[in-house]
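In the working numbering, the protein residues as written are 255 to 753. Quick reminder that beta carbons are idealized off the backbone N, C-alpha and C, glycines included. Predicted, not measured: the structure shown is a model, and the values here were computed from it. To start, the structure itself, in structure tokens.
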């Protein structure tokens with residue numbers, strides 16, 4: 255065989271081998287994504303009979319809705335919609351003209367789970383075309399995580415807000431309360447989704463919906479009956495269950511991180527593959543910090559030479575999540591909370607790929623606690639309204655507690671401030687409460703509000719766990735108290751400080 259022919263044959267063989275290798279790599283990549291989706295969709299929040307799932311009920315109605323008067327976004331959302339807003343008439347007409355969406359929310363609230371499967375290929379094409387899905391792909395060096403359906407949840411929440419106010423304004427108190435409770439139930443169901451981004455978005459959304467509920471209690475107190483307030487305080491709100499045993503940490507990010515790790519290590523030796531590190535982690539880093547892409551590939555090749563093995567990386571990933579789980583399930587406050595987490599203690603070079611592949615969920619602890627404040631505080635607020643409607647005034651405080659509500663108006667276990675742990679009680683103490691004897695100031699940012707004598711003041715200690723007497727309200731609750739009653743948003747609207 256002549257040398258030119260030999261070279262040509264050799265080139266063909268090499269090209270064929272490379273092509274076969276690429277096909278095998280793509281097949282392996284596709285298998286990783288397929289296996290990941292199978293794991294995600296085997297979770298209890300997804301599995302079950304279709305009759306127990308709410309996602310299609312909601313999204314079928316969403317696709318039939320007429321567009322809102324303006325796009326839902328920073329200027330038009332469930333925080334800005336209320337009867338005193340500009341252009342309320344068009345918002346009211348939009349709500350009134352889409353009764354199917356209200357019916358769908360009420361019907362969905364009677365289901366057990368949202369049940370939306372992961373993977374856009376697992377929903378009808380009509381949904382996928384509108385972004386009503388979760389796009390997940392860890393193939394060919396990519397890590398795609400896109401939660402397009404959350405935009406639809408924003409629109410549904412805005413619609414419910416408008417329709418609740420419209421019904422209450424029209425005197426349809428029963429209809430308004432029914433939709434309000436259904437919205438809270440559905441939003442609580444969305445909080446059981448598995449990814450960090452989903453948890454953050456939906457927990458914050460539910461917290462805002464509860465704020466609107468307290469606003470409605472304030473604005474329409476005279477038309478909501480004692481029995482309705484009692485039903486809300488003792489049956490409806492307690493059903494939301496935001497406690498550590500029912501509202502779990504996001505586990506799906508760990509599964510995605512594990513899939514990413516499978517993509518960058520040699521499946522035989524378990525050693526890092528420098529080029530795969532460069533391709534995969536440069537893309538992930540660019541998603542989070544676009545300006546850091548320059549030079550990142552070279553850095554990740556160098557990191558691969560010092561990185562822990564596949565087995566060690568998976569073990570580190572498990573250790574981080576096991577630590578978060580222990581902290582999440584702690585009874586209120588304990589010594590473990592004060593110690594650095596396994597995430598914080600992880601070597602930033604040896605396990606750089608692990609750290610980049612997951613999010614630090616520590617921020618979720620504060621957001622979960624704020625949700626608990628909102629849930630429990632909304633129940634107590636409803637009970638205060640029931641007592642006032644029944645007796646003509648708010649109950650007198652006993653040792654800065656609303657203990658006179660217990661029994662007839664409120665379950666004692668709902669009067670528990672997540673930021674007020676007391677060792678002598680081995681648990682949580684109640685929210686701080688008192689009836690004001692004189693006109694009292696309340697600072698909200700740069701605004702100073704004045705509360706009338708005889709008004710009830712209910713508040714959480716907030717993240718600093720100190721009693722600042724409810725003199726200043728901070729939404730996040732990390733520095734000052736969180737005032738629950740009277741509802742701050744209603745007061746600001748009443749003063750004209752916000753539209």
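Practice task
With a 10 Å radius around its C-beta and 16 neighbouring C-beta atoms as the bar for buried, classify residue 517 as buried or exposed.
Solution key: buried
Practice task
Can you give me the start and stop residues for the beta strand (DSSP E) that residue 527 sits inside?
Solution key: Counting along the chain, residue 527 falls outside any beta strand (DSSP E), and DSSP gives it neither H nor E.
Handout entry: Residue span of the beta strand (DSSP E) that contains residue 558, given as start and end
Key = Here residue 558 belongs to no beta strand (DSSP E); instead the alpha helix (DSSP H) covers 550-560.
Problem - Alpha-carbon to alpha-carbon, residue 687 and residue 293 - result: 47 Å
Practice task
Between the Cα of residue 523 and those of 357, 751, 565 and 395, spot the shortest distance and give me the residue it belongs to.
Solution key: 565
Handout entry: Same chain, Cβ closer than 6 Å to residue 481, neighbours up to 5 away in sequence not counted
Key = none
Handout entry: Alpha-carbon to alpha-carbon, residue 658 and residue 316
Key = 44 Å
Exercise for the section: Report all residues from its chain with a CB closer than 8 Å to the CB of residue 276; omit the five preceding and five following residues, and keep chain order. Expected result: Any answer about residue 276 is weak, because its pLDDT of 38 lies below 50 and its placement is not dependable; what the coordinates show is given next. Residues of the same chain with their beta carbon placed closer than 8 Å to that of residue 276 are lacking, with the five preceding and five following residues left out of the count.
Handout entry: Of the residues 470, 505 and 533, the one placed nearest residue 607, counting alpha carbons only
Key = Out of 470, 505 and 533, 533 has the C-alpha closest to the C-alpha of residue 607.
Problem - Outcome for residue 280 when other beta-carbon atoms lying within 10 angstroms are tallied against a minimum of 16 - result: Because residue 280 carries a pLDDT of 40, less than 50, the predicted location of this residue cannot be relied on, and the following value inherits that uncertainty. Residue 280 should be labelled exposed.
Practice task
Mind listing, in chain order, the continuous beta strand (DSSP E) runs of no fewer than 3 residues lying wholly within the stretch 325-371?
Solution key: none
Practice task
State the Cα-Cα distance for the pair residue 399 and residue 704, rounded to the nearest angstrom.
Solution key: One Cα belongs to residue 399, the other to residue 704, and the distance between them is close to 47 Å.
Practice task
Identify which residue in 422, 487, 549 and 526 has its Cα closest to the Cα of residue 536.
Solution key: Residue 536 has its Cα closest to that of 549, out of 422, 487, 549 and 526.
Handout entry: Same chain, Cβ closer than 7 Å to residue 442, five either side skipped, listed in chain order
Key = These residues qualify, in order along the chain: 460 and 494.
Problem - Start and end residues, alpha helix (DSSP H) containing residue 689 - result: First-last for residue 689: 686-689, but that is the beta strand (DSSP E), not the alpha helix (DSSP H).
Handout entry: residue 709, DSSP secondary structure in three states
Key = Coil, per DSSP.
Problem - Which listed residue (737, 575, 356 and 314) has its alpha carbon closest to that of residue 381 - result: 314
Handout entry: Short Cβ contact (8 Å threshold) for residue 712 with residue 739
Key = yes
Handout entry: Nonlocal neighbours in the same chain, by C-beta distance under 7 Å from residue 623, ignoring five residues either side
Key = 672 and 673
Exercise for the section: Per DSSP, which residues does residue 739 bridge with? Please list them. Expected result: 712
Handout entry: Nearest residue (CA-CA) to residue 286, options 330, 338, 373 and 391
Key = In this structure, 391 is the residue among 330, 338, 373 and 391 with its C-alpha nearest to the C-alpha of residue 286.
Exercise for the section: Measure the beta-carbon distance from residue 747 to residue 338 and round it to whole angstroms, keeping in mind my assumption that it falls under 8 Å. Expected result: 6 Å
Practice task
Return helix, strand or coil for residue 399, following the three-state DSSP convention.
Solution key: Secondary structure of residue 399 (DSSP, three-state): strand.
Practice task
Using the Cα positions of residue 291 and residue 351, report the straight-line distance between them to the nearest angstrom.
Solution key: 38 Å
Handout entry: Among 650, 284 and 473, the one whose alpha carbon lies nearest that of residue 742
Key = Checking every option, the nearest Cα to that of residue 742 belongs to 473.
Practice task
Assign residue 348 to one of two classes, buried (16 or more other C-beta atoms within 10 Å of its C-beta) or exposed (fewer than that).
Solution key: Counting C-beta atoms within 10 angstroms of its own C-beta, residue 348 has 16 or more neighbours from the protein chains shown and is therefore classed as buried.
Practice task
Identify the continuous beta strand (DSSP E) that holds residue 512 and give its terminal residues.
Solution key: First-last for residue 512: 506-518, but that is the alpha helix (DSSP H), not the beta strand (DSSP E).
Exercise for the section: Starting from residue 751, follow the alpha helix (DSSP H) in both directions and report where the run begins and ends. Expected result: Run containing residue 751: none; DSSP gives neither H nor E here.
Handout entry: Delimiting residues of the beta strand (DSSP E) encompassing residue 391
Key = 388-391
Exercise for the section: Classify residue 599 as buried or exposed, calling it buried when 16 or more other Cβ atoms lie within 10 Å of its own Cβ. Expected result: Under this definition residue 599 is an exposed residue.
Practice task
Alpha carbon to alpha carbon, how far is residue 514 from residue 612? Give it in angstroms, no decimals.
Solution key: The alpha-carbon atoms of residue 612 and residue 514 are separated by roughly 10 Å.
Exercise for the section: State yes or no: is the C-beta of residue 449 within less than 8 Å of the C-beta of residue 506? Expected result: yes
Handout entry: Residues bridged to residue 304 (per DSSP)
Key = Note: residue 304 sits in no beta bridge, so no partner.
Problem - Burial state of residue 309 (16 or more Cβ within 10 Å) - result: buried
Problem - Residue burial classification, residue 311 (beta-carbon count within 10 angstroms, cutoff 16) - result: buried
Exercise for the section: For residue 303, count neighbouring C-beta atoms within 10 Å of its own C-beta (all shown protein chains included) and say buried if the count is 16 or more, exposed if not. Expected result: exposed
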